[in-house]
Amino acid sequence: MKLATRLVRCGDPKDPYRALAPPLYQTATFEQPGPDEPGEFDYTRSGNPTRALVEAQLADLEGATAAFAYGSGMAAISALLRLVPAGGEVVAGADLYGGTVRLLSQVAPRQG
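Note that the working numbering numbers the sequence shown so that position 53 is 1202, with each residue one more than the last.
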């Protein structure tokens, strides 16, 4: 499919109701098959169907094997910082969100 077609054909083929626009799952927790049987999703911050679909669509559009979506910019920055090796350098702008400044100036240096 061409890019324009892939952009508008974003429904989830596994959706039992075959919605043309994917539903937003706003629940915090998901039912599990049993006490010792975890399901695909348990707690929405660790993953949910909406985020899984967005990640799959982004990966497809970019021709990548995977993509990652985060609940906030700070969560994304924190994850990316873990990819910087000890002694590595981060280049950032001077006018940043206060939480980002503290993460880069106080937390990241303690991690090397």
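Note that beta-carbon positions come from the ideal geometry of N, C-alpha and C, so glycine has one too.
Keep in mind it's a predicted model, so treat the numbers as computed, not measured.
- When rounded, the separation of the alpha-carbon atoms in residue 1151 and residue 1191 is 35 Å.
- Considering only 1259, 1155 and 1258, the residue with the shortest C-alpha distance to residue 1203 is 1155.
- Annotation for residue 1226: 1249 and 1252 place their beta carbon closer than 7 Å to its own, counting only its chain and skipping 5 residues before and after.
- Residue 1198 is classed as buried because its beta carbon has at least 16 other beta carbons within 10 Å across all chains shown.
- For residue 1212, no alpha helix (DSSP H) segment is defined, and its DSSP state is neither H nor E.
- With a cutoff of 8 Å on beta-carbon distance, residue 1208 and residue 1214 are scored as near each other.
- Beta bridge pairing from DSSP links residue 1246 with no other residue.
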